[in-house]
Structures are given as structure tokens and as C-alpha cells.
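*Asks:*
In mature numbering (1 follows the signal peptide of the UniProt record, and there is no 0), the protein residues as written are -37 to -1, 1 to 407.
#1: Out of 394, 31, 373, 61, which has the shortest C-alpha to C-alpha gap to residue 239?
#2: Given that a residue counts as buried once 16 or more other Cβ atoms are within 10 Å of its Cβ, and exposed if not, what is residue 41?
#3: I'd like the span of the beta strand (DSSP E) that includes residue 136, first residue to last.
#4: Output the distance between the C-alpha atoms of residue 212 and residue 302, rounded to the nearest integer angstrom.
#5: Which term fits residue 45, buried or exposed, when burial requires 16 or more other beta carbons within 10 angstroms of its beta carbon?
#6: Name the DSSP bridge partner or partners of residue 254?
#7: Please report the distance separating the alpha-carbon of residue 118 from that of residue 79.
#8: Report the rounded CA-to-CA distance for residue 282 versus residue 161, giving the unit in angstroms.
#9: Between the alpha carbons of residue 445 and residue 55, how many angstroms are there, rounded?
#10: Nearest to residue 358 by CA position, among 17, 112, 75, 81, is which residue?
#11: Since residue 17 is in the alpha helix (DSSP H), which residue starts that stretch and which ends it?
#12: Tell me residue 50's beta-bridge partners as DSSP assigns them.
#13: Give the single residue among 255, 124, 65, 183 whose Cα lies nearest to the Cα of residue 158.
#14: Report the partner residues of residue 108 according to the DSSP bridge assignment.
#15: Go ahead and pull the three-state DSSP assignment for residue 82.
#16: If we ignore side chains and look at the alpha-carbon of each, how far apart do residue 397 and residue 221 end up?
#17: Whose CA, out of 147, 242, 393, lies closest to the CA of residue 225?
#18: Determine contact between the segment 133 to 153 and the segment 161 to 173, defined as no fewer than three beta-carbon pairs at a distance below 8 Å.
#19: Given a threshold of 16 other Cβ atoms within 10 Å of its Cβ, counted over all protein chains shown, does residue 387 qualify as buried or as exposed?
#20: Measuring only the C-alpha atoms, how far is residue 342 from residue 405?
#21: Per DSSP, what kind of secondary structure is residue 77 in: helix, strand or coil?
#22: Quick one: measure Cβ to Cβ for residue 138 and residue 273, integer angstroms, because I've assumed they're closer than 8 Å.
#23: What do you reckon, are the CB atoms on residue 280 and residue 194 nearer than 8 Å?
#24: Check each candidate in 288, 389, 379, 98 and name the one with the smallest Cα separation from residue 400.
#25: Are at least three pairs of beta-carbons, each pair with one atom in the segment 246 to 253 and one in the segment 311 to 326, less than 8 Å apart?
#26: Please name the residue in 51, 26, 27 whose C-alpha comes closest to that of residue 36.
#27: Do residue 201 and the ligand HEM come close, with the Cβ less than 7 Å from some heavy atom?
#28: Since residue 246 is in the alpha helix (DSSP H), which residue starts that stretch and which ends it?
#29: Please determine, among 285, 99, 356, 304, the residue with the shortest C-alpha to C-alpha distance to residue 191.
#30: Please classify residue 101 as buried or exposed, where buried requires at least 16 other C-beta atoms within 10 Å of its C-beta.
#31: Fully enclosed by the segment 157 to 211, which alpha helix (DSSP H) runs are 4 residues long or longer?
#32: Over the uninterrupted beta strand (DSSP E) stretch that includes residue 289, give me the two end residues.
#33: Do the CB positions of residue 97 and residue 308 come within less than 8 Å of each other?
#34: Out of 328, 298, 330, which has the shortest C-alpha to C-alpha gap to residue 64?
#35: With a Cβ-Cβ cutoff of 8 Å, do residue 124 and residue 82 count as a contact?
#36: Just mark residue 12 as buried or exposed, buried being the case when its beta carbon has 16 or more other beta carbons within 10 Å.
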């Protein structure tokens, strides 16, 4: 999450028709006429700026950062008496699947938070409306926001989101497990080769059954913040080219990275195979993995578990040392009326205000979305660590502004990775074929 951090492609990108888009647009239009296009739209069809509004806010903050999000929502609700935000928190994968159909129902959200990298898919399907007028309103103070966080939700020249957070993934390592392995707990691995040399010491298989009781690292291979994908960057490869037009999955750098990491996991058992993101978190939390690469939302959970952990940039590859940046943004469904949208804007502005960001950063460990708040965050050390310029500047987001990004990641990359990890073909064969699938998606 470096020079490329949060960059968005704002040039013309081809919108493609879909049956989902057609169905949603037609149904949403019908529902709007009948006054049933979502909770907020039900209440606000008169577009009255003074009407009392209840906004349904869907998000996936099920982890240790959830209470901090709820606190900001509660503070906003208490700050005025016109708008009430009600949170509906669910696992991210559940949210992503429900949003595709919720716009065509009468119980969908008025605000939805999701990884900014997924927004282009929903915008391309006509499910979200552009929010450029939010940024044009000086009253909302959006100029104070980190530009990378703002740019992350741009698609086809328009902005479809307002940031919830921005964070770089860092390497957490369990100091006690390092000490037990005879390793210096103050010297985590800084390169792939250093980590590979530590794998035999950090992997414990007491009964020799091939199923370690302790793993060197917890690497999720599906339903997760991307963990394997940055490895490709650091060997000179990637999923797609900078301009989003060409697959790089079969490039020399990508195949080098994938061969290295598939070997570590499949043959040297550095990590279990088949982990979802929540599984990886649990493995590290319970002391059954020595390392995990993840974001600031887990700091509270790891502390509550009593872990003595350190934080460091993830190990460098042979070509680079860039880390993944993840931005979560809030969007407004296309079916929302003007009163609902303006009420959502009031909440967005409070969320990204100095007060809102101070509460969020201190409660969650995320760096604030605005730089003028950093010095006010004194009770939690982690926002300063994850928000350090040296960390932020050496990071980038995954496939920003690419409508096919979610399809490439979820239906091509992860299934192919799982096949490789399970020995269902060689890395070179599997990912060369997958690269052709990626190119076909980009060409649509």
C-alpha cells in the first residue's frame, strides 16, 4: 500500500453490460416509484433536508476493530437529533454476496462499506452512485483526507466512495515463539531467504505425522486481505500491468514468486493450506503460528490474547520490498434518494472529522484518514506505527480502478493458488493457463 499507493486509473475504462446490472437497474427503478428502494429511500421520498432519517449501514467490521466503529457511530447519533445510523455487521464475504442482490430488494443498505478495490465491480454493475459532489462541498472538509484513500475508490473517472480507513499490512511475529526456536526475538526476517532459513526452526511437528502443531507463518489463500499477491510484486511480477490492460500472472517474476512460496507452504509446511483470513488470525492468536502479515485491526485482539508480538515490514523479495495497502470506503446504493444521500454525507463528514478520526484511531489502531489528527492520537501506539510515512510510502493497493479485479482475484487467482498448493499441477502450468483467463477478463 509506495509511489503507487492508492493510485486510481481515472481514464476512460470500458463499461460492460451485464444481466445483473440490467435486472438491478430495472428493479431499482420500479422500487423507487413504489417508495421501496431501501430503508432510507422508504423514509425520504420527499427529499426533505429536514426530515428525520434512519440509515442502515452495512459493514464487515466483525473483528476487534468493531467496537471502535460502533463508538464513532454512537457518537454521531448523539451529536444531533435528525439522523440515526444503524449498523448491520456481517462477515465481509457475506456482505459482498448480499450487496449484489440487496439493491433489488426493500431491505438493502443506505450505506455500505467495503474494500475500495471491490467498488469498481459494483459501480460497473450500476449498483452504486457517484459521490463526487461530496468532495466538491467545502463544508465536508475532504481536502484534509489522505489523497491515496480518496483516490482508491475512483472508477471510470468518478469517485464512488468516501474512506473509512487506510492501512498498510505489516508483519506480526510472536517473540515467545522466536525465543523458543532459538531465534533473536528482536530480529524478525527481513528477506524471503531469511524467512526460509527460519522455517525449519519455527515449524514444530512433535509426532512427525506431517501435521505441525506450530507453523512458521499463517498465510490465508482465500477470503482474506491479499497475502500472496504482494509476493508477486516483490519478485518483479504482479497480477496485472500498471495500466490494467495486460495480465502479468505468467511473467517471470510472478512465476518465480509463486514457485518460491508454493514450495514453502506445500513441501516445507510453512503454513497450513486452505486458510481463510479468519483462520489465519486464529492461528496466530492461539500461538500456533509464529508470523502473520495483516493490518492494524488485529492489534487489539492480539493484545487481548496476551501475545508478546513485534511489528515490522514484511520481508523483501528479490526485486522489491513493497507492502499491500488496503482502503475501506463507504458507498451509497444507486437507489438512494437525495435526502438519504445527503444524510449519508453528514455521517461521512463526521466519520472523517477530527473528532471521529481520533476516536476511531485510538480504538482500532488504524492510522487516521487525515494527517492533522495524528498528533492528537496519544493513547494507542499503533496508528503511528501503521501510519508512519516510511510504511505508507512503500505500499500500494491491489488492482485499483479495475472492474474485473474482484473476478480476477476471487475466481481465478485464489482457485489456481489452491490447486498449486494441493499439488494439482505445477505452478508454471497452472498460472500460465490462469493468466490467459485473466487476460480474457481484462479484454471484456
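Here a beta-carbon is modelled for each residue, glycine too, at the ideal position from N, C-alpha and C.
The structure presented is a predicted model; accordingly, all values stated were derived computationally and were not measured.
*Replies:* A quick look at the data gives this:
#1: On the chain shown, residue 239 is found 276 positions in, with the first residue counted as 1. Closest option to residue 239, Cα to Cα, is 373.
#2: As a working note, residue 41 is residue 78 in the chain shown. Exposed is the call here.
#3: Looking up residue 136 in the chain shown gives position 173. It spans 133 to 137 - the beta strand (DSSP E) in which residue 136 sits, taken as one unbroken run.
#4: Numbered from 1 along the chain shown, position 249 holds the residue referred to as residue 212. Numbered from 1 along the chain shown, position 339 holds the residue referred to as residue 302. As the crow flies, the alpha-carbon of residue 212 is around 45 Å from that of residue 302.
#5: Working through the chain shown from its first residue, we reach residue 45 at position 82. Per the 10 Å Cβ criterion, exposed.
#6: Walking along the chain shown from the start, residue 254 turns up at place 291. Its beta-bridge partners are 136.
#7: Locating residue 118 in the chain shown gives position 155, where the first residue counts as 1. Locating residue 79 in the chain shown gives position 116, where the first residue counts as 1. Looking at the two C-alpha atoms, the distance is approximately 10 Å.
#8: Position 319 of the chain shown, counted from the first residue, corresponds to residue 282. Position 198 of the chain shown, counted from the first residue, corresponds to residue 161. Roughly 21 Å separates the two Cα atoms.
#9: With the chain covering -37 to 407 only, the question about residue 445 has no answer from this structure.
#10: In the chain shown, residue 358 corresponds to position 395, counting from 1. Residue 358 has its Cα closest to that of 112, out of 17, 112, 75, 81.
#11: The count along the chain shown starts at 1 and reaches residue 17 at position 54. Careful: residue 17 lies outside any alpha helix (DSSP H), inside the beta strand (DSSP E) at 16 to 22.
#12: Taking the chain shown and counting its residues from 1, the one referred to as residue 50 is at position 87. Partner(s): 20.
#13: The residue you call residue 158 lines up with position 195 of the chain shown. Comparing Cα-Cα distances from residue 158 to each of 255, 124, 65, 183, the minimum goes to 255.
#14: Translated into the one-based positions of the chain shown, residue 108 becomes position 145. BP columns for residue 108 point to 333.
#15: Here the question's residue 82 lines up with position 119 in the chain shown. Helix.
#16: Counting from one through the chain shown, the residue named residue 397 turns up at place 434. Counting from one through the chain shown, the residue named residue 221 turns up at place 258. Going from the Cα of residue 397 to the Cα of residue 221 covers about 13 Å.
#17: Against the chain shown, residue 225 aligns to sequence position 262. Checking every option, the nearest Cα to that of residue 225 belongs to 393.
#18: Cβ pair count under 8 Å is three or more, so yes.
#19: Indexing the chain shown from 1 puts residue 387 at position 424. Exposed, because fewer than 16 other Cβ atoms sit within 10 Å of the Cβ of residue 387.
#20: Working through the chain shown from its first residue, we reach residue 342 at position 379. Working through the chain shown from its first residue, we reach residue 405 at position 442. Near 46 Å, if we compare the C-alpha coordinates of residue 405 and residue 342.
#21: For the purposes of this step, residue 77 is taken as the residue at position 114 of the chain shown. Strand at residue 77.
#22: By 1-based counting over the chain shown, the position of residue 138 is 175. By 1-based counting over the chain shown, the position of residue 273 is 310. Taking a contact as a CB-CB distance under 8 Å, the pair residue 138 and residue 273 counts as one, their CB atoms being some 6 Å apart.
#23: Here residue 280 refers to the residue found at position 317 when the chain shown is read from its first residue. Here residue 194 refers to the residue found at position 231 when the chain shown is read from its first residue. Taking C-beta atoms as the reference points, residue 280 and residue 194 count as a pair closer than 8 Å.
#24: Locating residue 400 in the chain shown gives position 437, where the first residue counts as 1. Closest option to residue 400, Cα to Cα, is 379.
#25: no
#26: For the purposes of this step, residue 36 is identified with residue 73 of the chain shown, where counting begins at 1. Among 51, 26, 27, the Cα nearest to that of residue 36 belongs to 51.
#27: Absent from the structure shown: the ligand HEM. Ligands present: none.
#28: Here residue 246 refers to the residue found at position 283 when the chain shown is read from its first residue. Segment 240 to 248, the alpha helix (DSSP H) holding residue 246.
#29: Reading the chain shown from its first residue, position 228 is the one you call residue 191. Of the candidates 285, 99, 356, 304, the one whose C-alpha sits nearest the C-alpha of residue 191 is 285.
#30: Numbered from its first residue, the chain shown carries residue 101 at position 138. Exposed, since its Cβ has fewer than 16 Cβ neighbours within 10 Å.
#31: 192 to 196, all fully within the segment 157 to 211.
#32: Mapped onto the chain shown, residue 289 falls at position 326. Here the beta strand (DSSP E) through residue 289 covers 286 to 294.
#33: Residue 97 sits at position 134 when you count from the first residue of the chain shown. Residue 308 sits at position 345 when you count from the first residue of the chain shown. Yes; because the gap between Cβ atoms is below 8 Å, this pair is in contact.
#34: Your numbering for residue 64 matches position 101 in the chain shown. Of 328, 298, 330, the residue nearest in Cα terms is 298.
#35: Translated into the one-based positions of the chain shown, residue 124 becomes position 161. Translated into the one-based positions of the chain shown, residue 82 becomes position 119. Yes, the Cβ-Cβ distance between residue 124 and residue 82 is below 8 Å.
#36: Position 49 of the chain shown, counted from the start, is the residue given in the question as residue 12. It is exposed - the Cβ of residue 12 has fewer than 16 other Cβ atoms within 10 Å.
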